[in-house]
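Using the working numbering, the first residue of the sequence shown is number 2, and each one after it goes up by one. C-beta atoms are modelled at their ideal positions from N, C-alpha and C, and glycine is treated no differently.
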Amino acid sequence: MILSVASGKGGTGKTLVSTSLALCLKPGGNVQLLDCDVEEPNAHIFLKPTFARSETVFIPVPRVDEEKCTHCGKCAEVCVYHALAVLKERVLVFAELCHGCGACSYLCPEDAIAEEGREIGVVEIGNSKGIEFVHGKLNIGEAMAPPITRKVKEHIKPGKTTIIDVPPGTSCPVVESVRGSDFCLLVTEPTPFGLNDLALAVDMVRELGIPCGVVLNRAGVGDSGIEDYCLRERIPILLQIPLDIEIARLYSRGIPLVEGINGWQKTFLELFDGIEQLAPLGARQ
Ligand code: SF4
Ligand code: SF4
């Protein structure tokens with residue numbers, strides 16, 4: 002089963018949930034955790050993996066052969082990201098804007114465009130206490146997270162329970178991370194901001210046709226907006242984590258909840274059972 006753990010907004014406790022889920026399932030020995038929050042990966046802080054290898058991630062950007070180029074302008078016309086500017090005697094390539102789609106080289110009538118790799122980040126693969134761990138890291142200053150997310154997801158192994166820590170929000174990197182999941186757990190908090198961003202995240206997973214359930218973190222503060230919304234939308238609240246100073250202390254020290262406080266291991270196992278009941282039949286282990 003591929004289970005993504007997402008949140009409409011940052012700081013809701015998504016990584017707390019994904020790492021505790023992975024750890025409580027670990028005795029079966031068939032778990033992977035993929036941290037796709039490539040702009041700010043932090044699951045490794047909790048799982049403290051040992052990395053065995055890394056893979057550099059490149060995207061193909063155009064290199065123009067000025068000998069062949071007739072400066073017809075077709076490449077700049079086709080580039081929706083405005084990564085090319087054709088001057089009278091030169092083609093300028095703005096590599097940081099290029100998405101590596103290949104359209105310019107494909108459509109150049111003079112075959113004047115070749116592609117060369119530009120490094121945008123890295124994927125690291127390792128192990129943490131029996132959990133296969135993979136995360137991606139986008140280089141500082143880069144904007145293109147999805148190619149790294151795709152590289153991380155290439156490590157998904159069918160037959161394993163794969164937990165994906167998704168970046169916050171509902172933008173392209175989030176969609177890329179969640180796509181293909183059997184179930185999406187949405188972590189939120191009982192505030193108007195939490196509700197607003199949860200509703201956006203629900204719209205996204207419904208658009209992708211993925212069943213979802215909610216984890217309500219810091220329960221006991223704020224208002225009942227999340228409960229009312231979930232009732233209205235028929236979305237199950239599968240777990241409530243109370244606002245608790247001890248949980249916050251553990252989090253700030255990088256200690257997973259299931260390892261820091263007795264009883265949470267069982268609670269997370271029950272959460273996983275609940276998810277299995279709601280996931281499509283074929284996804285159940
Ligand atoms: S499409 Fe090809 S020939 Fe035309 S300007 Fe671009 S690189 Fe030059
Ligand atoms: S590869 Fe795509 S995004 Fe990059 S310059 Fe060419 S058309 Fe633009």
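From Pro-42 to Pro-257, what distance separates their C-alpha atoms? For the purposes of this step, residue 42 is taken as residue 41 along the sequence shown, with counting starting at 1. For the purposes of this step, residue 257 is taken as residue 256 along the sequence shown, with counting starting at 1. Going from the Cα of Pro-42 to the Cα of Pro-257 covers about 15 Å.
Tell me which residue opens and which closes the beta strand (DSSP E) that Arg-119 is part of. In the sequence shown, counting from the first residue as 1, residue 119 sits at position 118. That run of the beta strand (DSSP E) goes 114 to 129.
Per the DSSP calculation, Leu-187 is bridged to which residue(s)? Along the sequence shown, read from residue 1 onward, the residue named residue 187 stands at position 186. Answer is Ala-7 and Val-215.
Please tell me whether Leu-209 and Thr-189 are closer than 8 Å, where the distance is taken between their beta carbons. To locate residue 209, count along the sequence shown from 1; it is residue 208. To locate residue 189, count along the sequence shown from 1; it is residue 188. Contact: no.
Reduced DSSP category for Lys-210 - H, G, I as helix; E, B as strand; rest coil: For the purposes of this step, residue 210 is identified with residue 209 of the sequence shown, where counting begins at 1. The residue you asked about is not Lys; residue 210 is Gly in the sequence shown. Looking at Gly-210 - three-state DSSP - the assignment turns out to be coil, as it is neither helix nor strand.
Measuring only from the beta carbon, is Ile-118 closer than 7 Å to any heavy atom that is part of ligand 2? For the purposes of this step, residue 118 is taken as the residue at position 117 of the sequence shown. In the sequence as displayed, the identity of residue 118 is Gly instead of Ile. For Gly-118, the CB stays at least 7 Å from every heavy atom of ligand 2.
Of all the options Leu-93, Lys-267 and Ile-126, which has the alpha carbon lying nearest to the alpha carbon of Glu-67? As a first step, residue 67 is located in the sequence shown; it is residue number 66 there, counting from the start. Nearest of Leu-93, Lys-267 and Ile-126 to Glu-67, Cα basis: Leu-93.
According to DSSP, simplified to helix, strand and coil, what is Thr-192? Position 191 of the sequence shown, counted from the first residue, corresponds to residue 192. DSSP places Thr-192 in the coil class of the three-state scheme, outside both helix and strand.
Boundaries of the alpha helix (DSSP H) in which Ser-19 is found, first to last residue: Looking up residue 19 in the sequence shown gives position 18. Boundaries of the alpha helix (DSSP H) harbouring Ser-19: 15 to 26, taken from the DSSP string.
Kindly identify the DSSP beta-bridge partner or partners of Phe-134. Taking the first residue of the sequence shown as position 1, residue 134 is located at position 133. Leu-34 and Gly-127, per the DSSP bridge assignment.
Closest to Glu-116 by CA distance: which of Gly-103, Glu-177, Leu-108 and Tyr-252 is it? Numbered from its first residue, the sequence shown carries residue 116 at position 115. Residue Gly-103 is the option with its Cα nearest to Glu-116.
Quick check on the burial criterion: 16 or more other C-beta atoms within 10 angstroms. Buried or exposed for Cys-73? In the sequence shown, the residue the question calls residue 73 occupies position 72. Exposed, by the Cβ-count rule.
Taking Leu-88 as part of the alpha helix (DSSP H), name the residues at either end of that continuous run. On the sequence shown, residue 88 is found 87 positions in, with the first residue counted as 1. Note, Leu-88: premise wrong, no alpha helix (DSSP H); not H, not E.
Which of helix, strand or coil does DSSP assign to Ala-146? By 1-based counting over the sequence shown, the position of residue 146 is 145. Residue state, collapsed to three classes: coil.
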